[in-house]
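Participant: Pasting a structure here, questions to come.
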Amino acid sequence: MKQKITLVVSGIMINIVTENDPDYVRGLGRLLENRISDLVISSSNRQKNEALLLCALDYLDERNKLKEENEKLKKEIESLKNRNIGDTI
Numbered sequence: 138m139k140q141k142i143t144l145v146v147s148g149i150m151i152n153i154v155t156e157n158d159p160d161y162v163r164g165l166g167r168l169l170e171n172r173i174s175d176l177v178i179s180s181s182n183r184q185k186n187e188a189l190l191l192c193a194l195d196y197l198d199e200r201n202k203l204k205e206e207n208e209k210l211k212k213e214i215e216s217l218k219n220r221n222i223g224d225t226i
């Protein structure tokens with residue numbers, strides 16, 4: 138069942154409609170808030186908007202790398218299955 142959740146991240150309030158557990162979504166919000174804070178603290182002249190963009194780029198980069206790794210592992214599993222089938226024939 139979809140639920141409406143209000144998050145405040147880096148001073149920005151956003152309403153989200155989701156089927157995910159509200160605690161899970163709030164946890165994501167906390168992770169995002171922490172990452173943004175780390176980016177702002179690490180550079181005294183970094184603006185909040187820059188930190189938001191860097192955070193988004195970091196997460197997209199991580200996501201893409203994980204997708205690539207997942208595809209490689211799927212291919213490796215298929216290869217091992219095929220090799221195993223060939224060994225039993």
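Counting from 1 along the sequence shown, just add 137 to a position and that's the residue number in our numbering.
Note that CB positions come from ideal geometry on N, CA and C, so glycine has one too.
Note that the coordinates shown come from a computational prediction; the quantities given were computed from them, not determined experimentally.
Consult DSSP for residue 219 and reduce its assignment to one of helix, strand or coil.
Facilitator: Residue 219: helix per DSSP, three-state reduction.
Participant: Can you tell me the Cβ-Cβ gap for residue 142 and residue 153, rounded? I've got them flagged as a contact below 8 Å.
Facilitator: 5 Å
Participant: What first and last residue would you give for the beta strand (DSSP E) that runs through residue 152?
Facilitator: 149–155
Participant: Please tell me whether residue 192 and residue 173 are closer than 8 Å, where the distance is taken between their beta carbons.
Facilitator: yes
Participant: Would you list the residues sitting across from residue 145 in a DSSP beta bridge?
Facilitator: 150
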